[in-house]
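J.: Everything in the sequence shown is counted per numbering that gives the first Met the number 0, starting at 0 for the first residue and increasing by one.
Note that beta-carbon positions come from the ideal geometry of N, C-alpha and C, so glycine has one too.
Dumping the structure here so I can ask a few things about it.
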Amino acid sequence: MKNYETINILGISVDKVTKAEALAAFEGFLEEEHCSQIVTLNPEMILEAQENSEFNKLLIDSELVFPDGIGLVYASKIKHQPLSERVTGIDFTRSALELLAKKGKSAYFLGAKPGIAEAAARNVEKEIPGLKVVGARDGYFKAEDEEEIINEINNSGADFLCLA
Numbered sequence: 000m001k002n003y004e005t006i007n008i009l010g011i012s013v014d015k016v017t018k019a020e021a022l023a024a025f026e027g028f029l030e031e032e033h034c035s036q037i038v039t040l041n042p043e044m045i046l047e048a049q050e051n052s053e054f055n056k057l058l059i060d061s062e063l064v065f066p067d068g069i070g071l072v073y074a075s076k077i078k079h080q081p082l083s084e085r086v087t088g089i090d091f092t093r094s095a096l097e098l099l100a101k102k103g104k105s106a107y108f109l110g111a112k113p114g115i116a117e118a119a120a121r122n123v124e125k126e127i128p129g130l131k132v133v134g135a136r137d138g139y140f141k142a143e144d145e146e147e148i149i150n151e152i153n154n155s156g157a158d159f160l161c162l163a
């Protein structure tokens, strides 16, 4: 259930939140027993959702969807329903990782080309004292490997799965 005012952009509800509100929601999600999905939305993703019903459902079912792309901010102004602000994925993620470190929680990195997730994990562990990265894996894998990867992530004990 959405707890924020939203704007509909081409069938996708975008939460009108500030970075501080998004982080507060994230902190609340960490206390819940179930998984919550956060999307840092850009215009290309909305266009993909127009053609891909599975992706569209993923966006619609997310607990928090906020505007990463400036095009969404412009679209909201055209619709005379301006978004609070652009909340970039990189800024949000950095703050979320800092919050995880303060709370003694952990992260798992999944996605990008081979070596990128692993390098990102090493870098943020150096940059953010106390952050526990419990796994990292690139996003180039076959469908038959999905179950093994899901089990690896679930068994890692990660509190936050960061996808790229």
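Excluding the five sequence neighbours on either side, which residues of its own chain have a C-beta within less than 8 Å of the C-beta of Ile8, listed in chain order?
T.: The count along the sequence shown starts at 1 and reaches residue 8 at position 9. The answer, listed in chain order, is Ile45, Leu71, Ala74, Ser75, Lys78.
J.: Please state whether the Cβ-Cβ distance between Ile184 and Ser12 is less than 8 Å.
T.: Examination of residue 184 is not possible in this model, given that the chain is present from 0 through 163 alone.
J.: Within a Cβ cutoff of 7 Å, which residues of the same chain sit near Ala21, ignoring the five residues on either side of it in sequence?
T.: As a first step, residue 21 must be located in the sequence shown, where it is residue number 22. Excluding positions up to five away in sequence, the list reads Leu63, Phe65, Val86, Phe91.
J.: Could you tell me if Arg136 is buried or exposed, where buried requires 16 or more neighbouring beta carbons within 10 angstroms of its beta carbon?
T.: Counting from one through the sequence shown, the residue named residue 136 turns up at place 137. With 16 or more Cβ atoms within 10 Å of its Cβ, Arg136 is classed as buried.
J.: Given Asn55, which residues of its chain have a CB within under 6 Å of its CB, disregarding the five upstream and five downstream residues?
T.: Numbered from 1 along the sequence shown, position 56 holds the residue referred to as residue 55. Answer for Asn55: Ala48, listed in chain order.
J.: Determine which residues share a DSSP beta bridge with Lys131 and list them.
T.: Counted from its first residue, the sequence shown places residue 131 at position 132. Looking at the DSSP assignment, Lys131 forms a beta bridge with Ser105.
J.: Just the C-alpha distance for Ile115 and Leu99, rounded to the nearest angstrom, thanks.
T.: Within the sequence shown, numbered from 1, the residue matching residue 115 stands at position 116. Within the sequence shown, numbered from 1, the residue matching residue 99 stands at position 100. Cα to Cα, Ile115 sits roughly 21 Å from Leu99.
J.: Asn7 lies in the beta strand (DSSP E); which residues open and close that run?
T.: Position 8 of the sequence shown, counted from the first residue, corresponds to residue 7. Unbroken beta strand (DSSP E) run through Asn7: 5-8.
J.: So, helix, strand or coil for Arg136, using DSSP?
T.: In the sequence shown, counting from the first residue as 1, residue 136 sits at position 137. Arg136 falls in the strand class under three-state DSSP.
J.: Thinking just about the alpha-carbon of each residue, which of Ala119, Tyr107, Gly27, Glu143 is nearest to the one in Ile152?
T.: Stepping through the sequence shown from its first residue, residue 152 is reached at position 153. Cα-wise, what sits closest to Ile152 is Tyr107.
J.: What residues are listed by DSSP as bridge partners for Asp14?
T.: For the purposes of this step, residue 14 is taken as residue 15 along the sequence shown, with counting starting at 1. In DSSP, Asp14 forms a bridge with Thr5.
J.: For Pro66, report the span of its beta strand (DSSP E) as first-last.
T.: Here the question's residue 66 lines up with position 67 in the sequence shown. From DSSP, the beta strand (DSSP E) with Pro66 extends over 63-66.
J.: Would Leu96 and Leu130 be called neighbours here (beta carbons separated by less than 8 Å)?
T.: Residue mapping note: residue 96 aligns to position 97 of the sequence shown, counting from 1. Residue mapping note: residue 130 aligns to position 131 of the sequence shown, counting from 1. Taking 8 Å as the Cβ cut-off, Leu96 and Leu130 qualify as a contacting pair.
J.: Going along the chain, which residues of its own chain have a beta-carbon closer than 7 Å to the beta-carbon of Ile127, five neighbours each way excluded?
T.: Here residue 127 refers to the residue found at position 128 when the sequence shown is read from its first residue. Same-chain partners within the cutoff: Leu96, Glu97, Ala100.
J.: What does DSSP give as the partner residues of Phe91 in its beta bridges?
T.: By 1-based counting over the sequence shown, the position of residue 91 is 92. DSSP lists no partner for Phe91.
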